[in-house]
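Residue numbers (the working numbering): 2 to 146.
Written out as structure tokens, the structure is:
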């Protein structure tokens with residue numbers, strides 16, 4: 002089985018880039034005789050495009066991890082980060098990250114007050130990529146044109 006985790010910006014607009022990358026991953030899994038499982042955060046933007054691709058490929062196993070309204074109420078702005086951590090801990094052969102540059106003016110700080118480098122991706126995507134790398138999972142960054 003090939004298990005791919007996806008993460009991406011909620012403002013990602015172009016579904017074709019997402020679908021093309023998932024087509025390539027799917028072809029790789031098929032060439033290896035492996036069943037593909039695609040994991041996503043079931044949010045708007047890139048996640049929605051991933052979900053649509055999965056719906057069009059019923060032979061692929063889909064795992065959506067939506068953050069419930071209760072989780073947002075209890076955990077506030079870190080609810081998405083906690084969900085991303087759960088997805089990473091479940092393991093993956095790789096992560097495809099659909100990145101859009103953060104548009105906040107001035108310095109940005111991630112969880113724990115860590116200063117993020119200039120040109121970093123939106124915070125949820127950046128955080129998920131970091132968690133995956135810390136777990137030893139290869140991350141393929143796909144930046145919006």
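Built from N, CA and C at the ideal position, the CB exists for glycine as well.
Note that this is a predicted model, so its numbers are computed, not measured.
N-terminal and C-terminal residue of the beta strand (DSSP E) that residue i is part of
i          : result
residue 95 : 95-100
residue 8  : 3-9
residue 62 : 62-65
Buried or exposed (CB count within 10 angstroms, at least 16 for buried), residue i
i           : result
residue 130 : buried
residue 2   : exposed
residue 144 : exposed
residue 4   : buried
residue 107 : exposed
residue 132 : buried
residue 12  : exposed
residue 73  : exposed
residue 125 : buried
residue 128 : buried
residue 84  : buried
residue 146 : exposed
Delimiting residues of the alpha helix (DSSP H) encompassing residue i
i           : result
residue 123 : First-last for residue 123: undefined, no H or E at that position.
residue 37  : Where residue 37 is concerned, there is no enclosing alpha helix (DSSP H), although the beta strand (DSSP E) it sits in stretches over 37-41.
residue 24  : 16-32
residue 108 : Counting along the chain, residue 108 falls outside any alpha helix (DSSP H), and DSSP gives it neither H nor E.
residue 81  : 80-90
Residue i - DSSP class collapsed to helix/strand/coil
i           : result
residue 139 : coil
residue 144 : strand
residue 116 : strand
residue 13  : coil
residue 103 : coil
CB-CB length for residue i against residue j, believed under 8 Å
i           : j           : result
residue 95  : residue 47  : So it is not a contact: roughly 16 Å between Cβ atoms.
residue 82  : residue 116 : Residue 82 to residue 116, Cβ: 17 Å. No contact.
residue 97  : residue 7   : 5 Å
residue 51  : residue 41  : 4 Å
residue 19  : residue 54  : 7 Å
residue 140 : residue 122 : Between residue 122 and residue 140 the Cβ distance is about 11 Å, and since that is not below 8 Å, they are no contact.
residue 77  : residue 43  : About 19 Å; that fails the 8 Å criterion.
residue 1   : residue 62  : The question about residue 1 has no answer, for the chain in this structure spans 2 to 146.
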